[in-house]
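Enquirer: Next up is a structure, given as structure tokens.
Put into structure tokens, the structure is as follows:
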């Protein structure tokens, strides 16, 4: 009895334990299936954001402005010092301008002389008594006043020379006219005398036939008539010569005027060319003189001042100082690898990590892509190429991190958020690429 009593409880406990094991196995399998389903669903359906990582730094929008001089020269005055705030147009450095000023004044004098000459030639061509100078010629300027005076005097001299030649020709005309009138009067008297002699000869011829007059008287009258006719013919020849002198003198006067206008027209064309050429040279000389005083191109702060000595020499293109904009926004400039540039677009979201701070203590700082360089840039040191992008920061996300302050040059890391993919895409993509390449290789 005792033996049977001990055996029955053992059998019951074995069955119960077996059932418990089956229960837990079922639970484990159920959990495994459920967990596997969740994992599979996550792998297949859950989107994961991918990002391109680009190193960069905080910069001022618009960059630092390097202050250089095109020509170089000798320092005459320095107006600023390191850290000084300047406004647009404030003088920074003045270089010695003696040479530039001399050249400018020389070209200016030549230019306004050419303009005044142009106006003088116009008045000569139009035969105007006075010169109509341009309103832009300010006579209060000594150089312009001198140019106007020179051309006015030159016109006076040229007109006096022309009028002198014309006066000589006119005198010839007047003298020839006087001679002509004198011979006309003489010829008229001789013609009257010849007419009387003709009557006398006719009467003597009749009387001589009747014996009332001697033949000697008739021949004398006829001889006298021939002498008068010879004088009349001489007068006609002289009058013809005097008329020719008058015509030639008048033609000479016309030629003098035409030659005067022709010469003025030729000079006018040359003067016009000179004005165009000198105007360009004057503009260059004025710019060169203006560059003697170097001014600030922006509102900003002076940094890295490299000139300190009056009388020091500045070479062409030498960086004298830099100006950091003070009223511009801070942005992040980053370098993107060529492999990732095809996925970066303007307006794309980005997350910025300031590596100078503990990332775990920062709230996320976001921004968007506002610039992508058109071509890659090769770093001379690393010889690696990359594309430059600019990230405009969302200042709301920056201001939430009240314990930080942004400075130009601060290092940063940019995560450019790309398209969303699942875990399956990440796992299968390399395999699909390998298969695609394998099939292409087999086709070859």
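Residue numbers (the numbering used here): 73 to 516.
Just so you know, even glycine gets a beta-carbon here, dropped at the ideal spot from N, CA and C.
Being a predicted model, the structure only gives us computed values, none of them experimental.
Could you name the residues of the same chain whose beta carbon sits closer than 7 Å to that of residue 205, not counting the 5 residues immediately before and after it, in chain order?
Expert: Here residue 205 refers to the residue found at position 133 when the chain shown is read from its first residue. Answer for residue 205: 188, 191, 220, listed in chain order.
Enquirer: Which value, in whole angstroms, describes the spacing of the CA atoms of residue 477 and residue 428?
Expert: Here residue 477 refers to the residue found at position 405 of the chain shown. Here residue 428 refers to the residue found at position 356 of the chain shown. Those two C-alpha atoms are separated by around 11 Å.
Enquirer: Quick one: what's got a C-beta closer than 8 Å to residue 223's C-beta in the same chain, skipping five residues either side?
Expert: The residue you call residue 223 lines up with position 151 of the chain shown. If we look at residue 223 and ignore the five residues flanking it on each side, its Cβ neighbours are 185, 188, 189, 191, 192, 203.
Enquirer: Can you find at least 3 beta carbon pairs, one from the segment 287-306 and one from the segment 227-246, that sit closer than 8 Å?
Expert: Because the criterion of three Cβ pairs below 8 Å is not met, the segment 287-306 and the segment 227-246 do not touch.
Enquirer: Between residue 395 and residue 424, is the Cβ-Cβ spacing less than 9 Å?
Expert: Numbered from 1 along the chain shown, position 323 holds the residue referred to as residue 395. Numbered from 1 along the chain shown, position 352 holds the residue referred to as residue 424. It is not a contact, given that the beta carbons lie outside the stated cut-off.
Enquirer: In whole angstroms, what is the alpha-carbon distance linking residue 430 and residue 411?
Expert: By 1-based counting over the chain shown, the position of residue 430 is 358. By 1-based counting over the chain shown, the position of residue 411 is 339. Roughly 29 Å separates the two Cα atoms.
Enquirer: Count the other CB atoms within 10 Å of the CB of residue 389; is the residue buried (16 or more) or exposed (fewer)?
Expert: Mapped onto the chain shown, residue 389 falls at position 317. Exposed is the call here.
Enquirer: Determine the extent of the alpha helix (DSSP H) in which residue 408 is found, giving its start and end residues.
Expert: In the chain shown, the residue the question calls residue 408 occupies position 336. No alpha helix (DSSP H) holds residue 408; the beta strand (DSSP E) holding it covers 402-408.
Enquirer: According to the neighbour-count rule (16 or more other Cβ atoms, all chains shown, within 10 Å of its Cβ), is residue 92 buried or exposed?
Expert: Here residue 92 is taken as the residue at index 20 of the chain shown, counted from 1. It is exposed - the Cβ of residue 92 has fewer than 16 other Cβ atoms within 10 Å.
Enquirer: Evaluate the contact criterion for the segment 156-176 versus the segment 327-340: three or more CB pairs, one atom per stretch, below 8 Å.
Expert: In short, these stretches do not touch, since the Cβ pair count stays below three.
Enquirer: Report yes if the CB atom of residue 488 is closer than 9 Å to the CB atom of residue 379, and no otherwise.
Expert: Position 416 of the chain shown holds residue 488. Position 307 of the chain shown holds residue 379. Against a cut-off of 9 Å, the Cβ pair of residue 379 and residue 488 comes out as no contact.
Enquirer: If you draw a straight line from the C-alpha of residue 448 to the C-alpha of residue 128, how long is it?
Expert: Within the chain shown, the letter at position 376 stands for residue 448. Within the chain shown, the letter at position 56 stands for residue 128. Going from the Cα of residue 448 to the Cα of residue 128 covers about 15 Å.
Enquirer: Please determine, among 194, 138, 276, 178, the residue with the shortest C-alpha to C-alpha distance to residue 372.
Expert: For the purposes of this step, residue 372 is identified with residue 300 of the chain shown, where counting begins at 1. Ranking 194, 138, 276, 178 by Cα distance to residue 372 puts 138 first.
Enquirer: On the DSSP letters alone, give me the boundaries of the beta strand (DSSP E) that residue 227 sits inside.
Expert: Taking the chain shown and counting its residues from 1, one reaches residue 227 at position 155. Element bounds for residue 227: not the beta strand (DSSP E) but the alpha helix (DSSP H), 214-282.
Enquirer: Return helix, strand or coil for residue 171, following the three-state DSSP convention.
Expert: Here residue 171 refers to the residue found at position 99 when the chain shown is read from its first residue. Looking at residue 171 - three-state DSSP - the assignment turns out to be helix.
Enquirer: Determine, using beta carbons only, whether residue 485 and residue 150 come nearer to each other than 9 Å.
Expert: Here the question's residue 485 lines up with position 413 in the chain shown. Here the question's residue 150 lines up with position 78 in the chain shown. No, the Cβ-Cβ distance between residue 485 and residue 150 is not below 9 Å.
Enquirer: By DSSP, does residue 443 sit in helix, in strand, or in coil?
Expert: Taking the chain shown and counting its residues from 1, the one referred to as residue 443 is at position 371. Reduced to three states, the DSSP call for residue 443 is strand.
Enquirer: Using a 10 Å radius around the Cβ and a threshold of 16 neighbouring Cβ atoms, would you call residue 450 buried or exposed?
Expert: Taking the first residue of the chain shown as position 1, residue 450 is located at position 378. By the neighbour-count rule (16 or more Cβ atoms within 10 Å), residue 450 is not buried but exposed.
Enquirer: Does the distance from the C-beta atom of residue 354 to that of residue 176 stay below 9 Å?
Expert: Reading the chain shown from its first residue, position 282 is the one you call residue 354. Reading the chain shown from its first residue, position 104 is the one you call residue 176. Yes, the Cβ-Cβ distance between residue 354 and residue 176 is below 9 Å.
Enquirer: What does the alpha-carbon distance come out to for the pair residue 401 and residue 479?
Expert: Taking the chain shown and counting its residues from 1, the one referred to as residue 401 is at position 329. Taking the chain shown and counting its residues from 1, the one referred to as residue 479 is at position 407. Taking the straight line joining both Cα atoms gives about 11 Å.
Enquirer: Among all the DSSP beta bridges, which residues are the ones paired with residue 366?
Expert: In the chain shown, the residue the question calls residue 366 occupies position 294. Looking at the DSSP assignment, residue 366 forms a beta bridge with 165.
Enquirer: Where does residue 76 fall in DSSP's three states?
Expert: Residue numbering aside, residue 76 sits at position 4 when the chain shown is read from its first letter. For residue 76, the pLDDT reaches just 47, beneath the cut-off of 50, and the residue's location in the model is therefore unreliable, leaving the point undetermined.
Enquirer: Determine the direct distance from the alpha carbon of residue 247 to that of residue 297, and round the result to whole angstroms.
Expert: Within the chain shown, the letter at position 225 stands for residue 297. Within the chain shown, the letter at position 175 stands for residue 247. If you take the alpha carbons of residue 297 and residue 247, they lie about 31 Å apart.
Enquirer: Could you tell me whether the Cβ atoms of residue 426 and residue 438 are closer together than 9 Å?
Expert: Residue 426 sits at position 354 when you count from the first residue of the chain shown. Residue 438 sits at position 366 when you count from the first residue of the chain shown. Not closer than 9 Å, so no.
Enquirer: Taking Cβ positions, are residue 259 and residue 304 nearer each other than 9 Å?
Expert: Within the chain shown, residue 259 is the residue found at index 187, counting from 1. Within the chain shown, residue 304 is the residue found at index 232, counting from 1. Yes.
Enquirer: If I'm right that residue 444 touches residue 461 with Cβ under 8 Å, what's the distance once you round it to whole angstroms?
Expert: The residue you call residue 444 lines up with position 372 of the chain shown. The residue you call residue 461 lines up with position 389 of the chain shown. Rounded, the Cβ-Cβ distance is 5 Å, consistent with contact.
Enquirer: Please check the pair residue 459 and residue 413, which I expect to be a contact at CB under 8 Å, by giving their CB distance rounded to whole angstroms.
Expert: For the purposes of this step, residue 459 is taken as the residue at position 387 of the chain shown. For the purposes of this step, residue 413 is taken as the residue at position 341 of the chain shown. Right, their Cβ atoms sit about 5 Å apart.
Enquirer: Among 101, 367, 218, which residue has its Cα nearest to the Cα of residue 160?
Expert: Start at 1 with the first residue of the chain shown, and residue 160 comes out as number 88. For the residues 101, 367, 218, the minimum Cα distance to residue 160 belongs to 367.
Enquirer: Assuming the contact rule is C-beta atoms closer than 8 Å, residue 141 and residue 358 should be a hit. Round their C-beta distance to whole Å, please.
Expert: Here residue 141 refers to the residue found at position 69 when the chain shown is read from its first residue. Here residue 358 refers to the residue found at position 286 when the chain shown is read from its first residue. About 16 Å separates the two Cβ atoms, so there is no contact after all.
Enquirer: According to DSSP, which residues form a beta bridge with residue 425?
Expert: Taking the first residue of the chain shown as position 1, residue 425 is located at position 353. In the DSSP output, where bridge partners are listed per residue, residue 425 has 485.
Enquirer: For residue 146, which residues in the same chain have their Cβ closer than 8 Å to its Cβ, ignoring the five residues on either side in sequence?
Expert: Here residue 146 refers to the residue found at position 74 of the chain shown. If we look at residue 146 and ignore the five residues flanking it on each side, its Cβ neighbours are 167, 168, 383, 384, 385, 386.
Enquirer: Less than 9 Å between the C-beta atoms of residue 361 and residue 173, yes or no?
Expert: Residue mapping note: residue 361 aligns to position 289 of the chain shown, counting from 1. Residue mapping note: residue 173 aligns to position 101 of the chain shown, counting from 1. Yes, they are a contact pair.
Enquirer: Could you tell me the distance, in whole angstroms, from the CA atom of residue 455 to the CA atom of residue 483?
Expert: Along the chain shown, one-based indexing puts residue 455 at 383. Along the chain shown, one-based indexing puts residue 483 at 411. Cα-Cα distance, rounded: 21 Å.
Enquirer: To which residues of the same chain is residue 472 closer than 6 Å at the C-beta, ignoring the five residues directly before and after it?
Expert: Translated into the one-based positions of the chain shown, residue 472 becomes position 400. Within the same chain, residue 472 has close Cβ partners 435.
Enquirer: Skipping 5 residues on each side, what residues in its chain have a beta carbon closer than 6 Å to that of residue 391?
Expert: The residue given as residue 391 occupies position 319 in the chain shown. Hits under 6 Å: 138, 140.
Enquirer: Beta-carbon within less than 6 Å of residue 287's beta-carbon, same chain only, minus the 5 sequence neighbours each way: which residues are those?
Expert: Here residue 287 is taken as the residue at index 215 of the chain shown, counted from 1. Same-chain partners within the cutoff: 280.
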